[in-house]
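Engineer: Heads up, the final residue of the sequence shown is numbered 448 in the numbering used here, and it's a clean run with no missing numbers.
No residue lacks a Cβ here, since even glycine has one placed at the ideal position from N, Cα and C.
I am attaching a structure below and will ask some questions about it afterwards.
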Amino acid sequence: MNPALALLKPYPFERLAQLKRDLSPRTDREPIVLSIGEPKHPAPALVTDALIAHLHNLAVYPNTRGQPALRQAIAEWLAARFALPAGALDPERQILPVCGTREALFSFAQAALDRSRADPLVLMPNPFYQIYEGAALLAGAEPGYLPCLPGHGLVPDFESVEAATWARCQILYICSPGNPTGAVIDRQTLVRLMELAETHDFVIAADECYSEIYLEEGAPPVGLLQAAHTAGNESFRRCIVFHSLSKRSNAPGLRSGFVAGDAGLIERFFAYRTYHGCVMPLPTQSASLAAWGDEAHVRTNRALYREKFSAVLEILSPALPVEAPPAGFYLWPETPIPDTDFVRRLFAEENLTLLPGSFLSRTASGVDPGANRVRIALVPPLDECIDAAWRIRRFIERL
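Structure below.
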């Protein structure tokens, strides 16, 4: 077996199960789970209808590149969403459908890392989506952790990274809007990262899976391709973005997303995927085409999250220092006691499950950005989120 498997850390939800293993929550409250970012809003009917209508295509092998109509729909969506000119992306060379961005974020590192270079490094935000770390380790690289601290807007301070670190870097994972912080990397910083990538010869892999959930309807988060084009990088050199229907369209079970950007990176990633064999089934492609072509359900989705943020913050604010992030559906507050103690006691006393922030982060240079924080996923219906907020508030007031 691959010895690098021994380097993998337990997944956050494995650790959470262990944390709660010896506890028996009170039974006079229904369990509420706000630990996992699994959307609970209904998937749009246009998606499920398209999926059902094309189930007969289960008898057909799908093509690794995906249907031309799907790639065209994605290209049009990217242009409309990120203010790109028509034709800025070639559907044949710069877009590749994937079976959810989790597998793509992982497999991209396996394809992109050059093992012949000494001391390969993959940089990532800290806290982070643990797939980045696992991808780096199994590709034969060292993970490097860039802290996301309040003093820098909960995004990494890229200017503080030493030149020697950039010189070792082969892939920089960024997540904007951030998981779990909801912080957004601005256009100027994205342009600066492209300059650093050119100077130090690395690739920017931008996880933008939360880009369509944001608080201000007229102020969508900027994307990497958008920043690249405005900066004159019209070929999106060294840039690749990852998008998903899981959060945007409440379809995590569809396992549908795409990668887009630098044609050279896409072509080599495509060659890898012809062997990797993870190809989107044709019924899923038809459902995905329907989803990327419709914005009405996405606007409705954002409105539902805004309603939940408003209601929950009104309840929590008197007891907990917390504010709505610019994007995403998580709250990321500090806790008055250690985060693991907070989660254990809240579960035992209120039958409510949150995720300790330290399960999403690593201690690096003596700093653990997730310590004494919790991630609260506002994914259940409004009434459950309100109930959960009152449980948290009562718990804190008893401390």
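In chain order, which beta strand (DSSP E) runs of at least 3 residues are fully inside the region 75 to 111?
Structural biologist: Runs of the beta strand (DSSP E) inside the region 75 to 111: none found.
Engineer: So what does DSSP say about V328, is it helix, strand or coil?
Structural biologist: It is coil, neither helix nor strand.
Engineer: Please report the Cβ distance between A368 and E244, rounded to the nearest whole angstrom; I am assuming they are in contact, meaning their Cβ atoms lie under 8 Å.
Structural biologist: With 8 Å as the limit, A368 and E244 do not qualify as a contact, their Cβ atoms being about 44 Å apart.
Engineer: List, from N- to C-terminal side, the beta strand (DSSP E) runs of 3 residues or more that fit wholly inside the region 396 to 427.
Structural biologist: Here the runs fully enclosed are 423 to 426.
Engineer: In chain order, what are the residue ranges of uninterrupted beta strand (DSSP E) at least 3 long that sit wholly in the region 121 to 172?
Structural biologist: Those beta strand (DSSP E) runs which fall completely within the region 121 to 172 and span 3+ residues are 144 to 147.
Engineer: Report the rounded CA-to-CA distance for T248 versus D71, giving the unit in angstroms.
Structural biologist: Roughly 52 Å between the two C-alpha positions.
Engineer: Beta strand (DSSP E) containing I253: first to last residue?
Structural biologist: Where I253 is concerned, the enclosing beta strand (DSSP E) stretches over 252 to 256.
Engineer: Quick check: what's the CA-CA separation for L95 versus D163?
Structural biologist: Their backbone Cα atoms lie some 42 Å apart in a straight line.
Engineer: DSSP on Y379, reduced to helix/strand/coil?
Structural biologist: Y379: strand per DSSP, three-state reduction.
Engineer: Is C288 closer than 9 Å to A255 when the C-beta atoms are compared?
Structural biologist: Contact: yes.
Engineer: Quick one: any contact between the region 422 to 442 and the region 371 to 384, if contact means 3 or more CB pairs under 8 Å?
Structural biologist: Contact holds: three or more Cβ-Cβ distances are below 8 Å.
Engineer: Measuring alpha carbon to alpha carbon, tell me which of F207, T402, P192, H292 ends up nearest L56.
Structural biologist: Per the Cα distances, P192.
Engineer: In the DSSP assignment, what residue or residues form a beta bridge with H292?
Structural biologist: F307.
Engineer: Look at the Cβ atom of L133, then the Cβ atom of Q237, and state whether they are nearer than 9 Å.
Structural biologist: No.
Engineer: Compare the beta carbon distance of S284 and P88 with 9 Å and say whether it is the shorter of the two.
Structural biologist: Taking 9 Å as the Cβ cut-off, S284 and P88 do not qualify as a contacting pair.
Engineer: Rounded to whole angstroms, what's the CA-CA distance from Q426 to H325? Just pull it up for me.
Structural biologist: The amino acid at residue 426 is misidentified as Gln; the sequence shows Ala. One C-alpha to the other measures close to 32 Å.
Engineer: Kindly give me the distance between the Cβ atoms of I220 and V252, rounded to whole angstroms, as I take these residues to be in contact under 8 Å.
Structural biologist: About 5 Å separates the two Cβ atoms, so the contact holds.
Engineer: Could you tell me which residues DSSP puts in a beta bridge with N175?
Structural biologist: Note: N175 sits in a beta bridge opposite P196.
Engineer: Measure the C-alpha to C-alpha separation of G267 and L303 and round it to an integer number of angstroms.
Structural biologist: The alpha-carbon atoms of G267 and L303 are separated by roughly 28 Å.
Engineer: Please report the distance separating the alpha-carbon of T60 from that of Q179.
Structural biologist: Sequence inspection shows Tyr at residue 60; the Thr mentioned does not correspond to that position. The straight-line gap from Cα to Cα measures roughly 7 Å.
Engineer: Using only CA atoms, which one of P418, T402, V416 lies nearest to E79?
Structural biologist: Minimum Cα distance to E79 is reached at T402.
Engineer: For Y222, list the residues DSSP reports as bridge partners.
Structural biologist: Partner(s): A254.
Engineer: Taking its Cβ as the centre, do 16 or more other Cβ atoms sit within 10 Å of D58, making it buried, or is it exposed?
Structural biologist: Here residue 58 is Lys; the residue named in the question, Asp, does not match the sequence. Looking at its Cβ environment, which holds fewer than 16 other Cβ atoms inside 10 Å, K58 is exposed.
Engineer: What is the DSSP secondary structure of Y321, counted as helix, strand or coil?
Structural biologist: Three-state result, Y321: helix.
Engineer: Look at T150 and V328 and say whether their C-beta atoms are less than 9 Å apart.
Structural biologist: Cβ distance not < 9 Å, so T150 and V328 don't count as in contact.
Engineer: Excluding sequence positions up to five away, which residues of its chain have a Cβ less than 6 Å from the Cβ of P140?
Structural biologist: Correct list, in chain order: R120, Q121, A124.
Engineer: Determine the DSSP secondary structure at Y354, reduced to helix, strand or coil.
Structural biologist: Y354: helix per DSSP, three-state reduction.
Engineer: Can you tell me which of A246, R241, W126, E316 puts its alpha carbon nearest to the alpha carbon of A280?
Structural biologist: That would be R241, whose Cα lies nearest to the Cα of A280.
Engineer: To the nearest angstrom, how far is the alpha carbon of V371 from that of A438?
Structural biologist: Looking at the two C-alpha atoms, the distance is approximately 12 Å.
Engineer: Round the Cβ separation of A158 and N299 to the nearest angstrom and send it over; I've been treating them as touching at under 8 Å.
Structural biologist: That belief does not hold up - the Cβ atoms of A158 and N299 are roughly 28 Å apart, past 8 Å.
Engineer: Within this structure, are the beta carbons of L107 and L431 separated by less than 9 Å?
Structural biologist: No, the Cβ-Cβ distance between L107 and L431 is not below 9 Å.
Engineer: Roughly how far, in whole angstroms, is the beta-carbon of L395 from the beta-carbon of I441, given that I think they are within contact range, below 8 Å?
Structural biologist: So it is a contact: roughly 7 Å between Cβ atoms.
Engineer: Leaving aside the five residues before and after R355 along the sequence, list all residues of the same chain whose C-beta is less than 8 Å from its C-beta, in chain order.
Structural biologist: Result list for R355: L264, in chain order.
Engineer: Considering only the alpha carbon of each residue, which of P385, A129, T333, Q143 lies closest to T97?
Structural biologist: Residue T333 is the option with its Cα nearest to T97.
Engineer: If the criterion is Cβ atoms closer than 9 Å, does the pair F177 and C224 meet it?
Structural biologist: For F177 and C224, yes; Cβs fall inside 9 Å.
Engineer: Going by beta carbon distance, what residues of the same chain come within less than 7 Å of A373, once the five residues before and after it are set aside?
Structural biologist: Once the five neighbours on either side are set aside, the close Cβ partners of A373 are L264, F358, L362.
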